[in-house]
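Take a look at the structure set out below.
Residue numbers (this note's numbering): 1 to 595.
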């Protein structure tokens, strides 16, 4: 959850402005505090506090710190309340070592008690603070910073990406990782560490991806990587094809609305993966008898759509399992199972744990947006979605890119040329749906009053209903629930009352007639019905209180790729009406790297 940055410049310029700029690009990961540490004149300088980046910067002037190298952190509280003391970077009591850390140290209490018995003094409630104390302990025993870090990670249990500096070894940053993301950037002016590429795109696009347990050493002369046995490792340098501008708002008020408007491009770009996906299908053993999707959150909803597609088009039994629940189903895997992992970041902790289990028995495929992420390096096959960097916490364009990859996979698996032709039209359908943005904005104002929302859909539209409800919950903080429309009479109908908004997703197709019956059920009980349906659906227009229309050529099979757009816009504009920041919803993070 958190994000870390490190930088050492080749010249003697102050690094703090660069650290501050880089770490500001990671606030989308979720945070409640920020801090920087730099080194100059035999001293580690630290500024940190809880609060939003701009608030803390206005108070402390984070860019005004001496030294040409340092580390920075945005924290999302796990151990200890958000506070100045609990903010990173953390130091030992002598202030010889400073550390930033992303992850959780599971055995920190045991380590802390032992260190206290040895005379160490702790100031925070965090698990992270044991790390600088351990490093300081080992440097006092004669180990250099690299080996003190190595000794430290031999003791700690849990997940981590760690970057450390020490007054005993100036001009050096040492970092390592286990189950938390970490990249190394090589730029013209210096060398960089970060949790994610948007942090350093402005300064470095040549990237090294450290593996688990490798130690990275940055100094003015370059980057050195050692394996767990101290052997130097030659790392491949990969160039990120994202531009710095892609991670900026470019005139939009929020990243979320920018990314909603980029969805047609995301689909067009992802459709270029058709040949690669065909190669994967050709390479997969024809003996595959079962497919299992594993995902979390929005990616879970994309996976549910995949289940409908694969079972209906290819006739292969398909399951969808929440990554956090996967271990309870692991015994059902075998070599005839293809397990597909879907993750925007490719660093989702629950999915990575499940992937390691699945690799032992089954073929694995990752559908991921971030090149070089952990899932891309650990799955047997990889489909790279082409959405570009997504900064808004609530997934939008990466969702439709995931769906596009799934649709291509299902259509090619089933040899369904008709669906492949339909997919080529989707970008234009999305652009057309976005033409109603002003109308949707006005409708959203009328539903701002609600405390509860219900979303109904059948078949392919059921996962879309779930996704619409999730978007509403994530950024408006209104309670929203998505239901398979046929389940209303099995309980949820008791919750429908006068004035409650019910969003009915009703594309043309086999499910339409029954969906209309469910609309009548909620309408007769006083619900305010907001329908999304075909522009030529006269029956829907007469039954719904409000209707958002979609091109009639969008049938129910491809509807999930298009009908989700107005649902995203409804959530976005209600959020604005409530005065919330849609890019930074409370308590949530873009990349969930803890279980």
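Glycine is no exception: its CB is placed at the ideal position from the N, C-alpha and C atoms.
Note down the Cα distance separating residue i from residue j, rounded to an integer number of angstroms.
i, j, result
"residue 350", "residue 207", "25 Å"
"residue 146", "residue 245", "36 Å"
"residue 360", "residue 175", "29 Å"
"residue 193", "residue 100", "11 Å"
"residue 418", "residue 306", "17 Å"
"residue 330", "residue 60", "50 Å"
"residue 473", "residue 483", "15 Å"
"residue 352", "residue 227", "21 Å"
"residue 286", "residue 317", "14 Å"
"residue 348", "residue 273", "23 Å"
"residue 130", "residue 111", "7 Å"
"residue 532", "residue 549", "6 Å"
"residue 478", "residue 570", "12 Å"
"residue 248", "residue 157", "37 Å"
"residue 106", "residue 153", "12 Å"
"residue 196", "residue 22", "10 Å"
"residue 230", "residue 74", "30 Å"
"residue 535", "residue 225", "59 Å"
"residue 57", "residue 235", "36 Å"
"residue 94", "residue 116", "14 Å"
"residue 527", "residue 372", "48 Å"
"residue 35", "residue 134", "21 Å"
"residue 3", "residue 26", "6 Å"
"residue 5", "residue 199", "8 Å"
Counting C-beta neighbours from all protein chains within 10 Å, is the total for residue i 16 or more, i.e. buried, or is it exposed?
i, result
"residue 427", "buried"
"residue 297", "buried"
"residue 386", "buried"
"residue 517", "exposed"
"residue 113", "exposed"
"residue 598", "A question about residue 598 goes unanswered here, because the residues of the chain that appear run from 1 up to 595."
"residue 464", "buried"
"residue 455", "buried"
"residue 423", "buried"
"residue 222", "exposed"
"residue 301", "buried"
"residue 289", "exposed"
"residue 462", "buried"
"residue 499", "exposed"
"residue 449", "exposed"
"residue 191", "buried"
"residue 109", "exposed"
"residue 39", "buried"
"residue 563", "buried"
"residue 121", "exposed"
"residue 253", "exposed"
"residue 11", "exposed"
"residue 512", "buried"
"residue 574", "buried"
"residue 459", "buried"
"residue 251", "exposed"
Quick one: measure Cβ to Cβ for residue i and residue j, integer angstroms, because I've assumed they're closer than 8 Å.
i, j, result
"residue 601", "residue 48", "Missing from the structure shown is residue 601; the chain here goes from 1 to 595 and no further."
"residue 396", "residue 278", "That belief does not hold up - the Cβ atoms of residue 396 and residue 278 are roughly 27 Å apart, past 8 Å."
"residue 566", "residue 440", "6 Å"
"residue 180", "residue 103", "4 Å"
Any heavy atom of the ligand NAP closer than 7 Å to the beta-carbon of residue i?
i, result
"residue 49", "Of the ligands one can find in the structure shown there are none, so the ligand NAP has no counterpart to examine."
In chain order, each beta strand (DSSP E) run of at least 3 residues that lies wholly inside the region 129-199: Runs found: 158-166, 173-178, 183-186 and 190-194.
The region 113-127 in contact with the region 86-99 per 3-pair CB rule at 8 Å: yes
Validate contact between the region 204-223 and the region 176-186 using beta carbons, cut 8 Å, 3 pairs: Counting Cβ pairs under 8 Å, three or more are found: they touch.
At least 3 beta-carbon pairs within less than 8 Å: the region 313-328 vs the region 265-272: no
Runs of alpha helix (DSSP H) wholly within the region 382-418 (minimum 4 residues, chain order): 397-414
Contact between the region 134-142 and the region 67-80 (3+ Cβ pairs under 8 Å): no
The region 251-260 in contact with the region 367-380 per 3-pair CB rule at 8 Å: no
Any 3 or more C-beta pairs closer than 8 Å across the region 502-510 and the region 529-547: yes
Runs of beta strand (DSSP E) wholly within the region 486-531 (minimum 3 residues, chain order): Those beta strand (DSSP E) runs which fall completely within the region 486-531 and span 3+ residues are 501-506.
Within the region 194-242, ranges of the beta strand (DSSP E) (whole runs, at least 3 residues): Whole beta strand (DSSP E) segments, 3+ residues: 206-208, 215-219 and 222-226.
Length at least 3, wholly inside the region 273-351: the beta strand (DSSP E) runs in chain order: 290-295, 318-322 and 337-343
Ranges of the alpha helix (DSSP H) found wholly within the region 76-122, counting only runs of at least 4: Entirely contained in the region 76-122, the alpha helix (DSSP H) runs reaching 4 residues are, in chain order, 108-117.
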